[in-house]
Every structure is written in C-alpha cells, then in structure tokens.
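Chemist:
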Amino acid sequence: MSWAAHEFENYFIQRHTGLKVAFLGIALGTFAPDLFTKAFVYASDDPAQFHRGWPGVGFTHSFIFGVAFAAVVLWLTRSRSWALGVLIGQWAHVLTDVADTAGVMPFFPFSTEPVTISMWKHAAVLGRNGDAAAYYSSLGGVWDAFWFVMLVLFARRTLRRQYFREVIVRADPRTWAWLHRRLKLGEEGLLLLYRGMVFYGLGRMLAWFLYARFDARTPLHLMWNGPEYVVGNDLSDAGWVEVLVRTGIGGVAFALFLWGCWHLFGRRLWERGEDPPSVTRGRGWAVAFEPHREA
Amino acid sequence: MTGRIPPAAYAVALVVYVALGVATQSVVLNWILGPLFPLLVLYVIPRSAARVFRR
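Going line by line, the protein sequences match chains C and U. If you count by the working numbering, then the first sequence holds residues 38 to 332, one letter each, in order. If you count by the working numbering, then the second sequence holds residues 1006 to 1060, one letter each, in order.
(1) Check whether the Cβ atoms of L1034 of chain U and R241 of chain C lie closer than 8 Å to each other.
(2) Give the residues of chain U in contact with Y248 of chain C, contact being defined as C-beta atoms less than 7 Å apart.
(3) Of all the CB atoms in chain C, is at least one closer than 8 Å to the CB of I1050 of chain U?
(4) Nearest by alpha-carbon distance to A182 of chain C: which of C:H217, C:W245 and C:K221 is it?
(5) With 8 Å as the threshold, decide whether the Cβ of F1042 of chain U is near any Cβ in chain C.
(6) Please return the same chain residues whose Cβ sits closer than 8 Å to the Cβ of L228 of chain C, not counting the five positions on each side in sequence.
(7) Using Cβ-Cβ distances below 7 Å, what residues of the stretch 211–226 of chain C are close to chain U?
(8) Anyone know if the C-beta pair for I125 of chain C and V58 of chain C falls short of 8 Å?
(9) So, are the CB atoms of V123 of chain C and F106 of chain C less than 8 Å apart?
(10) CB-CB under 6 Å to M187 of chain C, same chain, minus the five flanking residues each way: which ones, in chain order?
(11) Residues of the stretch 240–272 of chain C with a CB closer than 8 Å to any CB of chain U: list them in chain order, please.
(12) Within 8 Å of any Cβ in chain U, is that where the Cβ of R89 of chain C sits?
(13) Measure the alpha-carbon distance for F291 of chain C versus R304 of chain C and round it to whole angstroms.
(14) From this set, C:H258, C:V189 and C:W40, which residue's C-alpha is nearest R165 of chain C's C-alpha?
(15) Could you give the DSSP three-state label for E311 of chain C: helix, strand or coil?
(16) Could you give the C-beta distance for L259 of chain C and V179 of chain C, rounded to a whole number, given that I count them as a contact under 8 Å?
(17) Straight-line CA distance for N47 of chain C to G1008 of chain U?
(18) What does Y237 of chain C touch in chain U if you count any residue whose Cβ is under 8 Å from its own?
(19) By the criterion of Cβ-Cβ separation under 7 Å, what are the contact partners of R1009 of chain U in chain C?
(20) How long is the line joining the alpha carbons of P70 of chain C and F1058 of chain U, rounded to whole angstroms?
(21) Could you check if E44 of chain C is buried or exposed, using at least 16 other CB atoms within 10 Å of its CB as the buried criterion?
(22) Check the Cβ of V1023 of chain U against every Cβ in chain C and list those closer than 8 Å, keeping chain order.
(23) Locate the alpha helix (DSSP H) running through A292 of chain C, then write down its first and last residues.
(24) Give the secondary structure of V1057 of chain U by DSSP, where H, G and I count as helix, E and B as strand, and everything else as coil.
(25) Kindly indicate which residue of C:F185, C:G177 and C:F144 has the alpha-carbon position closest to the one of F100 of chain C.
(26) What is the DSSP secondary structure of W157 of chain C, reduced to helix, strand or coil?
(27) Identify which residue in C:L163, C:L239 and C:R320 has its Cα closest to the Cα of A42 of chain C.
(28) So the alpha helix (DSSP H) L61 of chain C belongs to, where does it begin and stop?
(29) Which two residues bound the contiguous alpha helix (DSSP H) that contains P1040 of chain U?
(30) I'd like to know if N47 of chain C contacts chain U, where contact means its C-beta is closer than 8 Å to some C-beta of that chain.
(31) Any C-beta of chain U sitting closer than 8 Å to the C-beta of L230 of chain C?
(32) Let's test the definition: count the other Cβ atoms within 10 Å of the Cβ of M116 of chain C and tell me whether it reaches 16, buried, or not, exposed.
(33) Just the chain U side, please: which residues come within less than 8 Å of F68 of chain C by C-beta, in chain order?
(34) Ignore the nearest five residues each way along the sequence and tell me which others in D271 of chain C's own chain have a CB closer than 6 Å to its CB.
(35) Output needed for V1021 of chain U: all residues of its chain with C-beta closer than 8 Å, excluding positions within five of it in sequence on either side, in chain order.
(36) On the premise that P313 of chain C lies in contact with A214 of chain C, defined as a C-beta separation below 8 Å, what is that separation, rounded to the nearest angstrom?
Right under this line is the structure:
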C-alpha cells in the first residue's frame, strides 16, 4: 500500500477540481479503503490476502466501493461536492495501491483478478512497524517522495491562506461554517485543520524513514519489487495476458453496471443533490474538474 | 491570542512530530493524531494556556 502518497495526492487532486469538489470529501475518500480495515489487516494470518483479496476486505479497494460510498454520501448529505470528493479520493487510492505486490481488484465483483505492477512488496505480514520499515526501504518511499515533489511543483498554491479562503471554504461553506461554530475555531485553526493532512504525510514519511534507517536498521533496497528481505506475496499466479483479459471483461461489465445504475436511480439521486452558490458544473470531465491554471 | 502562525512554527512542530514519531511510532504516527497535531500544538494548547494564565 502507499503511505504518505495518499495524503499528498489530496492536494494534487484539489488543485484540479477547484471549487467543484469538497476537499474534506476527497480526504474521506482517500482514507476510506483502509479506514475500517487496516487494524484488522495486521492481526490477520495472511494480511495481503485479507487486505486486498476475496474472501477478505479487498472490495474496499475496488471502484464499485467508491461509487457505493459516494452514492450513500450523496443520498445522506445531498452534497454533490462531497460525493464527487469521496469518489475521486477513493478511486485515487485504488489506483495508487496498484503499485504494491498485493495489488487491487479494481472491477470487483465483475473480476476478482488482482492487478499489480509490483513496484514494492506488500509487507503487512511484518506488523505495522515492520511494514513501515519495509516501505521506507523500498521504492514505496520513493513513491511518497515523488508525490511530495508533485505537490510542491504543481499544487503548492492549494496550501496558501488565500486559496483556502477563495476555494476550499467556498467549495464547501456549510462544513467549514459548522467546524467554525462547533469547534470554536477561528480562521487560523481551520487553516491548521486543512493543512493537517500534508503535515501528517510529511511528518510520517520522515519519521518512518528515520525509524527504518536508525531503529529497525532495515537495508535500503531501491529496486523494483523490493525490499528483498520481504517474502513475495503476489495474490495472483496468472500471466499478464490472463490478467488483462479478465480485467478487461470486468471493466466492461462494471461500465454496463454503472450505466444501468445511473438510469435506474443515479440520475434522480444526482438531480436531488445540491451545489454551493459558487459552483458551476459543466458536462463530462467539467462536472468535477476545473480547467488548468498556474500552480 | 490573535495573529497568524509563522512558517517557522510549522517547521518546529514538524521537527517535534518527527522526533516523537521516531521515538513512539504508532502513538503519534496515526490518522487521528497526525493530522490534528499542528492544530493541537499551534492553536488549541497555546490558546488554552493563555486563557489559564490570564485568569
């Protein structure tokens, strides 16, 4: 699994969605796949299978889980911004987790074939500290650093006070007003809450890296499918052609399923939803994404 | 307490968080305390302390 990358990508996504999506929705979406399951993963006899496979909780790392979660959020809150944020955040998490050896089942239940590029080993079998040490001794740590660089290069504007006022709050005025009233937080406090995710991502990236080097003293193996000392745990023994065919069929079935759901109840649910006054939605990608602007 | 929190304060908080993280691992390196850490140490605790000392 990815670690701090899941925090950094929130701001990168936010940079491209602007007023159209709620940042806290994105954050909830990126947390969602691991939120209720990660603790159980470390207690499991076969963490990789339990975390990403079926039987197990691998369905949390599928696109359909994001759609279902977003639909529930839309139904409960009527907020299109939150629903889109949850959907995009959860799908980003799924795509990022393709990189470890356990992979994901993106089109579950239409395909249960794990999809992975095996860039680094899924090491939850070593416990939480061992997992962290392995991650930050492999290309996983490089992946986190890459996303931090992406944030700095292309999305640093999202961390500024002015951006918070003009975009983050305007995109989700109800939630930020509620936090202001309920928690008695001034603008400075709300800004700290907003920036908390990047703080946590950077902090844990540095802390776990130092832990791996000086406490656990795990060897640094910056090679594909590292680190070497972790036993391989690919969930599938199928060749890439078989994976491609099964995943392709699953993808087509998933698309048809979505089309059916949209016509049966999705469109009505969407039309019942509400937008803040500052949001103007276009069609296609422009429903959720804003045109490119400078960083 | 009013006024903006300077960037240096964020940097100090980060150094403290990383140090605590290396020392205690999962005690502070988790989804709850991690994102709330800057809010607690740069806002809630200083303001609460200021209120106590003003009395």
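For every residue, glycine included, the Cβ atom is placed at its ideal position computed from N, Cα and C.
Modeler: Quick look at the numbers:
(1) yes
(2) V1027 and Q1030
(3) no
(4) C:W245
(5) yes
(6) R198 and F201
(7) E225 and G226
(8) yes
(9) yes
(10) F49
(11) G240, R241, L243, A244, W245, L247, Y248, F251 and D252
(12) no
(13) 17 Å
(14) C:W40
(15) strand
(16) 6 Å
(17) 27 Å
(18) W1036, G1039, P1040 and F1042
(19) E225
(20) 44 Å
(21) buried
(22) G240, L243, A244 and L247
(23) W277 to C298
(24) helix
(25) C:F144
(26) strand
(27) C:L239
(28) F60 to L72
(29) L1038 to L1044
(30) no
(31) yes
(32) Strictly speaking, residue 116 of chain C in this sequence is Ser, with Met absent from that position. Per the 10 Å Cβ criterion, buried.
(33) W1036
(34) T138
(35) V1046
(36) That belief does not hold up - the Cβ atoms of A214 of chain C and P313 of chain C are roughly 11 Å apart, past 8 Å.
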